[in-house]
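Step one of this worksheet: look at the structure below.
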Amino acid sequence: MTDQAVDTGGSKLPGNEQRPAAAPALTVSQFLGRTRELKELRADIERTGLDTLSGRKAPRARVLLIAGRPGSGRTALAEELVRQVADRYRDGVLRARLTEPDGTPVPTERTARELLTALEVATPPGAAEDDLTEALREALADRRMLLLLDDAAAAEQVDALLPGTPDCLVVAVSEGPLTGIADVRPCTLGGLDTKSALELLGRLTGAVRITVDPRAAEGLVEECAGQPLALVLAGSWLAARPQAAVADLAKQLRTEGDEGPPSARLFRLSYAGLPATAQRILRLLSLAPAGLVDPHTASALAGCSVSAAHTTLDDFAALGLVRLLESPLPQYEVPGSLLPLLRALAESRERPAELQLARARMLERTVRLLQSCRAITETDSTEAREKLLGMPRTLRFPNPRAAADWLRVRQPALLAAARSAVADGELDTLARRLMSQLVRAMVAHFGTQASAPELYGIHRLVLDVAERRNLPREQAAALLNLADLDTRTGRTAEALARYRAALDAGREANDPYATGRAMESVGGAHQELGDYDRAADWYGRALAQRLARDERVDAARLYGRIATAHTYAGRYGEALRNWRSAVAGHRKNGDVAAQARALSELARVQEYAGRPEESLRTCQEAVEWARRADDVRLQAALQLRLADTLEHLGDPAAAKLHRGAAERMLGEELLESDSGAEQGPNACEIRSASSKD
906 MTDQAVDTGG SKLPGNEQRP AAAPALTVSQ FLGRTRELKE LRADIERTGL
956 DTLSGRKAPR ARVLLIAGRP GSGRTALAEE LVRQVADRYR DGVLRARLTE
1006 PDGTPVPTER TARELLTALE VATPPGAAED DLTEALREAL ADRRMLLLLD
1056 DAAAAEQVDA LLPGTPDCLV VAVSEGPLTG IADVRPCTLG GLDTKSALEL
1106 LGRLTGAVRI TVDPRAAEGL VEECAGQPLA LVLAGSWLAA RPQAAVADLA
1156 KQLRTEGDEG PPSARLFRLS YAGLPATAQR ILRLLSLAPA GLVDPHTASA
1206 LAGCSVSAAH TTLDDFAALG LVRLLESPLP QYEVPGSLLP LLRALAESRE
1256 RPAELQLARA RMLERTVRLL QSCRAITETD STEAREKLLG MPRTLRFPNP
1306 RAAADWLRVR QPALLAAARS AVADGELDTL ARRLMSQLVR AMVAHFGTQA
1356 SAPELYGIHR LVLDVAERRN LPREQAAALL NLADLDTRTG RTAEALARYR
1406 AALDAGREAN DPYATGRAME SVGGAHQELG DYDRAADWYG RALAQRLARD
1456 ERVDAARLYG RIATAHTYAG RYGEALRNWR SAVAGHRKNG DVAAQARALS
1506 ELARVQEYAG RPEESLRTCQ EAVEWARRAD DVRLQAALQL RLADTLEHLG
1556 DPAAAKLHRG AAERMLGEEL LESDSGAEQG PNACEIRSAS SKD
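Remember, the numbering used here sits 905 above the position in the sequence shown when you count from 1.
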């Protein structure tokens, strides 16, 4: 929580709508106190760090530690330090939070991936923690950057992310010491000095209320132990009650006794002053994934309208109970130090069944928002448009861009919701629906490649649910998706193991699609690994299943895959036989374009087999079918192949004619693309591709 900064201008809402608040809202624009601590931290940066063993300059980045209890302003101090020294680090600042709001340490794998993404370094989905941390060190090796690692739970988390260059600086925030990291410069926080604490109260309550009774104000600061969070809660409480005296609040705190830290006592006081409905909403915010709340989340948890939830969240922000984030959409964060208090209240005041129902409402709302987010992209689908119009207006997005913005802003909370739903174990059906819709929405807006790391994590969650509930069909689907992502990133051996596991699960589920898909994918993995005999064998198994089910389109395609494996193995006779079967299959299916491509491949293998005359005739037939399919690129590639074959047969004049025809086709296509069609490869690229063929 930003507990030393106050903005007296209210809270900005989307669309420039301004809603008056009961008290000033928090912001990160101002900072109070900590002059001594900042001076010491900046001096530590100037000190020469030495390796304790060699006596030379340390080979890794220096670590400055800001330690303090939650609510002490430790993050605010770290951010102020970063702001003051950021101009020394030409390559910028990286930030990561190492602990979830509920106290769970964030896996180093996830943190390293997020930092690499911020550096715009591609990360293969499913990469191991060691690979990711090594990639991070390599990415930072020639950079001069500042890393802010907030809320570290253990030294191991920080150590794994340390850059291997002294040109970088790491500022770590933790509750206690980070034993085990060499040359750590600690700065332990206590309370704010009295002057800064009084100024913070004055900004929240108005300076007059502090100056008219300075002794009472100092007493209140003493009751708050100078802790910024407690002071913010106290100032916000007073701001919401203009008639209350500062002395009255100090007296109430003294009568509360010493039950917990000052922030806990002030929280109980603020909570007690809320209406019963607002109290319930606040309690249920403890269920918000990653402590991130938007009006829809609060609305679903409490079962109230979105507008009422939005108003209540703004009231909470004015009281310092939540923090309004800087975001293009209204989004709030529950301070981590208040979450245990909210959780305890929820468990004591709500029945377990009511908490589970609130979770279910939140997940169901999220699923419907994701459905709407995806449906807005399907502008050509009548069914999608009808489904979208059937949704309540509050769940609809005005356009695809607004949906993409929502998905991007809410992505951390959505992924946290998926992880939480899987960990819960009682809402597996909703969890599976949530993850299914999340995958579809991310693919629709960002594409499979850009979303691959997140998709990999989601599919692993699906696999966890499927294994826990013994759902072999879902298990097979998750394994196939994970293996596909492994294949795209070159981890073919891992993909092969998952494809075979998917085959077993598909057989257990008696799912012909999953088994057929798995067998074909096993063949593809063997082909990628250079084992063409096994590849052809597995393709053959998949083909037998397709033929048995009379799936002729897939059967024709599989004939081509078998032929390709035989071609790689140099068995041209088997390859020719299977390509002819593929041509015949595509002809029966009426797929003119596929027939033209199969004929093209057949001509290529005939040439490999030393049959140039047959290759010439087949290539001429393929040109005719490519013309019927209106595939200009394939026609041009075939014309170039004809030219090469004719030159091989000793007819350079005819070869020149075909080469000229190819160039004319490519020139016309480029003209069409320049006139507004999608830009395609240039003639040189297509010529190069055809020569590789």
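No residue lacks a Cβ here, since even glycine has one placed at the ideal position from N, Cα and C.
Checklist entry - What beta strand (DSSP E) runs, 3 residues minimum, are completely inside the stretch 985-1061? => result 998-1002 and 1051-1057
Item to check | Alpha-carbon to alpha-carbon, A1001 and R1337 | outcome: Within the sequence shown, numbered from 1, the residue matching residue 1337 stands at position 432. Within the sequence shown, numbered from 1, the residue matching residue 1001 stands at position 96. Spanning the two alpha carbons is a distance of roughly 29 Å.
Item to check | Member of A1205, L1274 and R947 whose CA lies at the smallest distance from the CA of A1307 | outcome: On the sequence shown, position 402 is the one that residue 1307 refers to. If we check each option's Cα against that of A1307, L1274 comes out closest.
Next on the checklist: Are the CB atoms of R1228 and L1240 within a distance shorter than 9 Å?
Outcome noted: The residue you call residue 1240 lines up with position 335 of the sequence shown. The residue you call residue 1228 lines up with position 323 of the sequence shown. Just to set this straight, residue 1240 is Pro in the shown sequence, not Leu. Yes; because the gap between Cβ atoms is below 9 Å, this pair is in contact.
Next on the checklist: Using only CA atoms, which one of K1100, G1031, I950 and T1472 lies nearest to T1394?
Outcome noted: Working through the sequence shown from its first residue, we reach residue 1394 at position 489. Its Cα nearest to that of T1394, the residue G1031 stands out among K1100, G1031, I950 and T1472.
Checklist entry - By Cβ distance below 7 Å, which residues in the same chain neighbour V1427 in space, the five residues on each side in sequence not counted? => result Taking the first residue of the sequence shown as position 1, residue 1427 is located at position 522. If we look at V1427 and ignore the five residues flanking it on each side, its Cβ neighbours are L1401, Y1404, R1405, L1408 and W1443.
Checklist entry - Who are A1077's beta bridge partners in DSSP? => result Residue numbering aside, residue 1077 sits at position 172 when the sequence shown is read from its first letter. L970 and L1054, per the DSSP bridge assignment.
Checklist entry - Rounded to a whole number of angstroms, what is the C-alpha to C-alpha distance between A983 and D1056? => result Stepping through the sequence shown from its first residue, residue 983 is reached at position 78. Stepping through the sequence shown from its first residue, residue 1056 is reached at position 151. In this structure, the CA atom of A983 is about 11 Å from the CA atom of D1056.
Item to check | Assigned secondary structure, L1234 (DSSP; H/G/I helix, E/B strand, else coil) | outcome: Within the sequence shown, numbered from 1, the residue matching residue 1234 stands at position 329. Coil at L1234, not helix or strand.
Checklist entry - Regarding A1193 and the ligand MG, is the C-beta to nearest heavy atom distance less than 8 Å? => result Absent from the structure shown: the ligand MG. Ligands present: none.
Checklist entry - What did DSSP end up calling R1466 once you bin it into helix, strand or coil? => result Taking the sequence shown and counting its residues from 1, the one referred to as residue 1466 is at position 561. Of the three classes helix, strand and coil, the one that applies to R1466 here is helix, per DSSP.
Item to check | Three-state secondary structure assigned by DSSP to L1083 | outcome: The count along the sequence shown starts at 1 and reaches residue 1083 at position 178. Note: L1083 maps to coil in three-state DSSP.
Checklist entry - From A1489 to A1046, what distance separates their C-alpha atoms? => result Position 584 of the sequence shown, counted from the start, is the residue given in the question as residue 1489. Position 141 of the sequence shown, counted from the start, is the residue given in the question as residue 1046. If I take the Cα positions, the gap works out to 57 Å.
Next on the checklist: Rounding to the nearest angstrom, what Cα-Cα distance links G1572 and T1284 in this structure?
Outcome noted: Position 667 of the sequence shown, counted from the start, is the residue given in the question as residue 1572. Position 379 of the sequence shown, counted from the start, is the residue given in the question as residue 1284. The straight-line gap from Cα to Cα measures roughly 33 Å.
Checklist entry - Is A1017 closer than 9 Å to A1040 when the C-beta atoms are compared? => result In the sequence shown, counting from the first residue as 1, residue 1040 sits at position 135. In the sequence shown, counting from the first residue as 1, residue 1017 sits at position 112. Yes, Cβ-Cβ distance for A1040 and A1017 is below 9 Å.
Checklist entry - In terms of alpha-carbon separation, which member of R1502, R1516 and H1553 lies closest to R1538? => result By 1-based counting over the sequence shown, the position of residue 1538 is 633. The shortest C-alpha separation from R1538 is found at R1502.
Checklist entry - Any idea which residues DSSP pairs P1091 with across the strands? => result For the purposes of this step, residue 1091 is taken as residue 186 along the sequence shown, with counting starting at 1. DSSP output for P1091 lists L970 as bridge partner(s).
Checklist entry - Out of L1094, T1004 and A1480, which has the shortest C-alpha to C-alpha gap to R939? => result As a position in the sequence shown, residue 939 is number 34, starting the count at 1. R939 has its Cα closest to that of L1094, out of L1094, T1004 and A1480.
Checklist entry - Which residue or residues does DSSP assign as beta-bridge partners of R1312? => result Numbered from its first residue, the sequence shown carries residue 1312 at position 407. The residue you asked about is not Arg; residue 1312 is Leu in the sequence shown. Looking at the DSSP output, L1312 bridges to nothing.
Next on the checklist: Less than 6 Å between C-beta atoms, sequence neighbours within five positions excluded: which residues of the same chain meet that for T1550?
Outcome noted: One-based indexing of the sequence shown puts residue 1550 at position 645. Counting only Cβ-Cβ distances below 6 Å, and skipping sequence neighbours, we find P1517, S1520 and L1521.
Checklist entry - I think L1083 touches V987, with their Cβ atoms under 8 Å apart; what is that distance to the nearest whole Å? => result For the purposes of this step, residue 1083 is taken as residue 178 along the sequence shown, with counting starting at 1. For the purposes of this step, residue 987 is taken as residue 82 along the sequence shown, with counting starting at 1. No, L1083 and V987 are not in contact; Cβ-Cβ is about 18 Å, not under 8 Å.
Checklist entry - Taking the alpha helix (DSSP H) that T1182 falls in, what are its first and last residues? => result Taking the first residue of the sequence shown as position 1, residue 1182 is located at position 277. Here the alpha helix (DSSP H) through T1182 covers A1181 to L1189.
Next on the checklist: With a threshold of 7 Å on Cβ separation, who are the neighbours of S1175 within its own chain once the five nearest residues in sequence on each side are excluded?
Outcome noted: If you number the sequence shown from 1, residue 1175 lands on position 270. Closer than 7 Å at Cβ, skipping near neighbours: L1138, W1142, L1224 and L1226.
Checklist entry - Taking C-beta to C-beta, are P1166 and A1203 nearer than 9 Å? => result For the purposes of this step, residue 1166 is taken as residue 261 along the sequence shown, with counting starting at 1. For the purposes of this step, residue 1203 is taken as residue 298 along the sequence shown, with counting starting at 1. No.
Checklist entry - Name the DSSP beta bridge partners of V1198, please? => result For the purposes of this step, residue 1198 is taken as residue 293 along the sequence shown, with counting starting at 1. Answer by DSSP bridge pairing, in chain order: Y1237.
Checklist entry - Since G1330 contacts R1373 with CB under 8 Å, what's their CB separation in whole angstroms? => result Position 425 of the sequence shown, counted from the start, is the residue given in the question as residue 1330. Position 468 of the sequence shown, counted from the start, is the residue given in the question as residue 1373. Distance from G1330 to R1373 at the Cβ level is roughly 7 Å; contact confirmed, criterion being Cβ atoms closer than 8 Å.
Checklist entry - A1474: which of S1486, V1510 and L1448 sits nearest, CA to CA? => result Against the sequence shown, residue 1474 aligns to sequence position 569. A1474 has its Cα closest to that of V1510, out of S1486, V1510 and L1448.
Next on the checklist: Assuming the contact rule is C-beta atoms closer than 8 Å, E1359 and L1335 should be a hit. Round their C-beta distance to whole Å, please.
Outcome noted: As a working note, residue 1359 is residue 454 in the sequence shown. As a working note, residue 1335 is residue 430 in the sequence shown. Not quite, the Cβ-Cβ distance comes to about 19 Å (not below 8 Å), so this is no contact.
Checklist entry - Who are the near neighbours of R979 in its chain, counting only those whose CB is closer than 6 Å to its CB and skipping five residues on each side? => result The residue given as residue 979 occupies position 74 in the sequence shown. For R979, where only same-chain residues beyond five positions count, the Cβ hits under 6 Å are I971, G973, V1078 and L1094.
Checklist entry - Should L1210 go down as buried or exposed, given a rule of 16 or more other Cβ atoms within 10 Å for buried? => result Taking the sequence shown and counting its residues from 1, one reaches residue 1210 at position 305. Reading off the sequence shown, one finds Ser at residue 1210, where the question assumed Leu. With fewer than 16 Cβ atoms within 10 Å of its Cβ, S1210 is classed as exposed.
Checklist entry - How is R1146 classed by DSSP in three states: helix, strand or coil? => result Within the sequence shown, the letter at position 241 stands for residue 1146. R1146 falls in the coil class under three-state DSSP.
Checklist entry - Do you know whose CA, among L1003, M1424 and L1097, lies nearest E1014's CA? => result The residue you call residue 1014 lines up with position 109 of the sequence shown. Measuring from the Cα of E1014, the nearest candidate turns out to be L1003.
Checklist entry - Between which two residues does the alpha helix (DSSP H) containing G1445 stretch? => result As a first step, residue 1445 is located in the sequence shown; it is residue number 540 there, counting from the start. Unbroken alpha helix (DSSP H) run through G1445: Y1437 to A1453.
Checklist entry - In terms of alpha-carbon separation, which member of W1311, D1438, I1467 and D1098 lies closest to A1447? => result Taking the sequence shown and counting its residues from 1, one reaches residue 1447 at position 542. The shortest C-alpha separation from A1447 is found at I1467.
Checklist entry - Where does L1229 sit, in a helix, a strand or coil, going by DSSP? => result For the purposes of this step, residue 1229 is identified with residue 324 of the sequence shown, where counting begins at 1. Strand at L1229.
Item to check | Contact the stretch 1150-1160 vs the stretch 1101-1118: 3+ CB pairs below 8 Å | outcome: yes
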